[in-house]
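Novice: Residue 60 in my numbering sits at position 57 of the sequence shown, and the numbers go up by one each step.
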Amino acid sequence: MKKEKISNSLRGKRSRAAGQRFETKVRENLESMGWVVSKWMNTVDYEKNKLVPAKRKYNPFFKALSVGTGFPDFIAFKKKGEKSFEVIGIEVKKQGYLDKIEKGMCFWLLENKIFSRILIAKGKKNGRKIEIEYVDFKTKYLK
Numbered sequence: 004m005k006k007e008k009i010s011n012s013l014r015g016k017r018s019r020a021a022g023q024r025f026e027t028k029v030r031e032n033l034e035s036m037g038w039v040v041s042k043w044m045n046t047v048d049y050e051k052n053k054l055v056p057a058k059r060k061y062n063p064f065f066k067a068l069s070v071g072t073g074f075p076d077f078i079a080f081k082k083k084g085e086k087s088f089e090v091i092g093i094e095v096k097k098q099g100y101l102d103k104i105e106k107g108m109c110f111w112l113l114e115n116k117i118f119s120r121i122l123i124a125k126g127k128k129n130g131r132k133i134e135i136e137y138v139d140f141k142t143k144y145l146k
């Protein structure tokens, strides 16, 4: 039983590390396409029906606060015209699936015109290499 706990702990550690590496890869990819990318530090509070700063998560093992727990992961903008910008949200999911709470937040962010669109960055395997595929939230979930 102790061996199972160790293997699950190790699997979780590797999974989080792989997720962080994929997030970095997505950010670099967007920046190479001309987007200005920043970490999004807010989340949706349904009770107050507004955006609030995301709470930092405390990790007792490392005795540190983790930063960047907002939803979606990134905010990106690009100059669209002379005086206008396109502002989008990017949620990074290696498998490309959002849970019920995340879908609800996406609907709220789009309804309240916080973002013009929300992209889901999904990992697509091509041999050993993982390619990034961007899926528009509206086309996937609004039918």
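Idealized CB from N, CA, C, for every residue including glycine.
1) Check whether the Cβ atoms of residue 78 and residue 96 sit closer than 8 Å, and answer yes or no.
2) Roughly how many whole angstroms lie between the Cα atoms of residue 108 and residue 10?
3) DSSP state of residue 104, grouped into three classes?
4) Looking only at its chain, what residues have a beta carbon closer than 8 Å to the beta carbon of residue 39, apart from the 5 residues adjacent to it on each side?
5) Would you tell me roughly how many angstroms separate the C-alpha atoms of residue 25 and residue 15, rounded to the nearest one?
6) Can you tell me whether residue 57 is helix, strand or coil according to DSSP?
7) Should residue 91 be labelled buried (16 or more other beta-carbon atoms within 10 Å of its own) or exposed?
8) Please report the residue range of the beta strand (DSSP E) in which residue 142 lies.
9) Counting along the chain, where does the beta strand (DSSP E) carrying residue 74 start and finish?
10) For residue 126, which beta-bridge partners are listed by DSSP?
11) How long is the line joining the alpha carbons of residue 101 and residue 127, rounded to whole angstroms?
12) Given this structure, state the Cα-to-Cα distance separating residue 86 from residue 17, to the nearest angstrom.
Specialist: Reading off the structure:
1) no
2) Rounded to the nearest angstrom, the gap between the Cα atoms of residue 108 and residue 10 is 33 Å.
3) DSSP places residue 104 in helix when its eight states are reduced to three.
4) 79, 80, 81
5) 15 Å
6) coil
7) buried
8) Unbroken run through residue 142 is the alpha helix (DSSP H), 140-144; no beta strand (DSSP E).
9) That residue, residue 74, is in no beta strand (DSSP E); it is neither H nor E in DSSP.
10) 135
11) In this structure, the CA atom of residue 101 is about 16 Å from the CA atom of residue 127.
12) Residue 17 has its alpha-carbon roughly 44 Å from the corresponding atom of residue 86.
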